[in-house]
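Visitor: Last residue of the sequence shown? That's 284 in numbering that gives the first Met the number 0, and every number before it is there in order.
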Amino acid sequence: MSLGSVLTAIVTPFDDDLAVNEGAFVDLLHHLAAHGSDGFVVCGTTGEASTLDDDEHLRVIELACQNRPAGTTIVAGAGSNNTSHAVHLTERATELGADAILSVTPYYNKPNRRGLVAHYREVAKATDKPIVLYNIPSRVVLDLPNDLLAELGQIEHIDYVKQANNNNLAQVDGLGLYAGNDEIFARTLDLGGHGGILVASHVVGEHMHRMVDEPEHRAEIDASLREIYRAMGVTTNPIPVKAALNLLGHPVGGLRLPLVEADDAETAAVRTALEHLGLLDTVPA
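(1) Since residue 22 is in the beta strand (DSSP E), which residue starts that stretch and which ends it?
(2) For residue 48, count neighbouring C-beta atoms within 10 Å of its own C-beta (all shown protein chains included) and say buried if the count is 16 or more, exposed if not.
(3) What residues are listed by DSSP as bridge partners for residue 130?
(4) Take residue 6 as the anchor and find which of 270, 194, 223 and 206 has the nearest alpha-carbon.
(5) Between which residues of its own chain and residue 76 is the CB-CB distance below 7 Å, once the five residues before and five after are set aside?
(6) Just to confirm my understanding: we take residue 149, look at its own chain, exclude 5 residues before and 5 after, and list those with CB closer than 8 Å. What are they?
(7) Taking the continuous beta strand (DSSP E) assigned at residue 197, which residues delimit it?
(8) List the endpoints of the continuous alpha helix (DSSP H) containing residue 174.
(9) Which residues does DSSP list as the beta-bridge partners of residue 38?
(10) What three-state label does DSSP hand residue 284 in the structure shown?
(11) Quick one: what's got a C-beta closer than 6 Å to residue 234's C-beta in the same chain, skipping five residues either side?
(12) Compare the Cα-Cα distances from residue 111 to each of 138, 133 and 147 and report the closest residue.
(13) Would you mind giving the Cβ-Cβ distance between residue 159 and residue 115, rounded to the nearest angstrom? I have them listed as a contact below 8 Å.
(14) Output yes or no for whether 8 Å exceeds the beta carbon distance between residue 32 and residue 72.
(15) Answer yes if the stretch 208–216 comes into contact with the stretch 242–250, meaning at least three C-beta pairs across the two stretches below 8 Å, and no otherwise.
(16) What's the C-alpha gap between residue 189 and residue 99?
(17) Just mark residue 221 as buried or exposed, buried being the case when its beta carbon has 16 or more other beta carbons within 10 Å.
(18) Please determine, among 55, 68, 60 and 121, the residue with the shortest C-alpha to C-alpha distance to residue 85.
(19) Would you list the residues sitting across from residue 13 in a DSSP beta bridge?
(20) How would you call residue 162, buried or exposed, if buried means at least 16 neighbouring beta carbons within 10 angstroms?
(21) So the alpha helix (DSSP H) residue 228 belongs to, where does it begin and stop?
(22) According to the Cβ coordinates, are residue 202 and residue 183 closer than 8 Å?
(23) Going by beta carbon distance, what residues of the same chain come within less than 8 Å of residue 134, once the five residues before and after it are set aside?
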């Protein structure tokens with residue numbers, strides 16, 4: 000199946016008490032679908048999955064599946080450094096109607112290569128949906144080199160990789176390629192990849208989709224968005240994108256500790272990038 004080209008790693012909105020704001024989540028889902036998103040990764044890094052308990056985590060997946068905008072896909076984050084927990088989340092996300100599963104490399108306990116293969120064999124048994132491997136060594140310590148990705152791609156249901164190691168960006172036999180960072184989205188498309196799992200698409204989704212639809216203008220569009228990419232990385236994700244969404248009038252609230260809201264300098268960098276793209280011009284004061 001096709002998961003789409005612009006998959007937004009959607010934030011999890013919180014209310015003033017830092018409870019999940021279900022209404023704001025559904026509203027944001029439909030706003031993003033109307034502005035360039037082909038699908039959504041829910042309960043990923045950007046969705047603050049690490050500070051959601053299992054009931055909240057599964058409820059957000061359920062909300063996304065129940066309120067899926069027409070024509071879009073839902074990819075459910077269901078990874079863990081505990082294989083039995085990853086299997087449980089994968090089974091439940093599948094039952095709730097997710098179109099695919101995002102499964103991050105096990106973090107902190109540093110399994111060896113044989114352990115990684117064994118982990119993913121168990122996860123793959125827990126679903127009949129496509130699995131997207133999530134390689135992000137900057138957060139999980141371990142890297143999945145391309146030869147290991149090719150080996151994992153031989154396991155039934157493991158069909159894609161979200162590559163967030165920019166230095167390893169390449170097509171891998173047996174796996175569809177998704178950019179894991181905004182700044183390599185254009186390069187991924189140039190390589191013949193499927194698309195990207197993106198953060199800046201929260202605010203410039205239509206521009207990013209033009210890179211799919213207008214390959215002859217891809218380099219020019221990508222260059223025009225470099226400032227917003229940098230702004231989304233001015234501090235730890237998802238702090239900047241939540242600041243941007245709040246500035247744009249989308250009530251996504253704050254963040255759960257140990258993440259904290261953007262400070263004045265970080266907010267100013269985000270605001271400047273939005274202003275330079277004319278995105279704040281239509282937001283009521």
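Even for Gly, the Cβ is constructed at its ideal location relative to N, Cα and C.
Guide: So, to answer that:
(1) That residue, residue 22, is in no beta strand (DSSP E); its alpha helix (DSSP H) goes 21–32.
(2) Buried.
(3) 100 and 157
(4) 194
(5) 40, 41, 42, 43, 46, 48 and 101
(6) 171, 172, 173 and 174
(7) From DSSP, the beta strand (DSSP E) with residue 197 extends over 194–197.
(8) Neither: residue 174 is in no alpha helix (DSSP H) and is coded neither H nor E.
(9) 6 and 72
(10) Annotation note: pLDDT 49 at residue 284 (below 50); position unreliable, coordinate value reported separately. Residue 284 falls in the coil class under three-state DSSP.
(11) 265
(12) 147
(13) Going by Cβ atoms, the distance from residue 159 to residue 115 rounds to 17 Å, so no, they are not a contact pair.
(14) no
(15) no
(16) 24 Å
(17) buried
(18) 121
(19) Partner(s): 19.
(20) buried
(21) 225–231
(22) no
(23) 104, 142, 143, 148, 160, 161, 162, 163, 164, 167 and 179
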